[in-house]
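Sequential numbering of the sequence shown, starting at 1, is according to this note's numbering. All residues carry an ideal CB built from backbone N, CA and C; glycine is no exception. These numbers were taken from a predicted model, which means no experiment stands behind them.
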Amino acid sequence: MSKFAGLGASVDKPTRCYLSIPTAGRPPLVSRDGERAYIDCLSLDSREAGAQRRASAIARLERRAARLTADDIEAEQVAMLVALIVGWRLYSLAGDPLDVECDEAAKRELMSDPTFAWVRRQVEEHIGDLGNWLGATAN
């Protein structure tokens with residue numbers, strides 16, 4: 001154990017990003033029964049995020065003869081989000097359950113489709129806020 005253990009954040013344990021509807025007052029996204037929608041995420045400082053950053057760096061080095069494009073950068077950002085999302089419970093805006101498995105294809109669709117940008121922004125904000133992992137316990 002590190003002599004600095006008392007300072008550590010639990011960045012490798014998922015925390016829950018509860019979704020809010022981006023309207024006045026930001027009401028929570030809930031089911032018809034009042035259950036909150038959420039996405040479980042790892043921190044942008046997690047080992048998984050570090051591995052994703054290294055993979056992106058290696059890919060950039062391997063294609064160094066080619067120019068990096070805006071599409072490449074967007075793909076890297078989506079890949080990071082896909083790597084850090086580990087689970088979810090989702091509802092439609094009408095409160096109906098969305099029975100969508102949290103697999104790579106579904107995560108990629110949710111994080112890259114502009115119609116769901118409001119969800120992506122909340123996940124990005126959550127994973128970037130280290131305070132979400134100070135004193136965090138696994139869900």
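### Message
Among Val82, Leu19 and Ala70, whose alpha-carbon lies nearest the alpha-carbon of Leu42?
### Response
Position 42 of the sequence shown holds residue 42. Closest option to Leu42, judged by alpha-carbon separation, among Val82, Leu19 and Ala70: Val82.
### Thr23 - DSSP class collapsed to helix/strand/coil
For the purposes of this step, residue 23 is taken as residue 23 along the sequence shown, with counting starting at 1. Three-state result, Thr23: coil.
### Message
On the CB-based measure, 16 or more other CB atoms within 10 Å of its CB, does Met80 come out buried or exposed?
### Response
Working through the sequence shown from its first residue, we reach residue 80 at position 80. Buried, since its Cβ has 16 or more Cβ neighbours within 10 Å.
### Query
Which ranges does the beta strand (DSSP E) cover as unbroken runs of at least 3 residues, wholly within the stretch 33-70, from first to last along the chain?
Fully enclosed beta strand (DSSP E) runs of 3 or longer: 38-41.
### Message
Once the 5 residues before and after Arg63 are set aside, which same chain residues still bring their CB inside 7 Å of it?
### Response
The count along the sequence shown starts at 1 and reaches residue 63 at position 63. Nothing listed; no residue qualifies.
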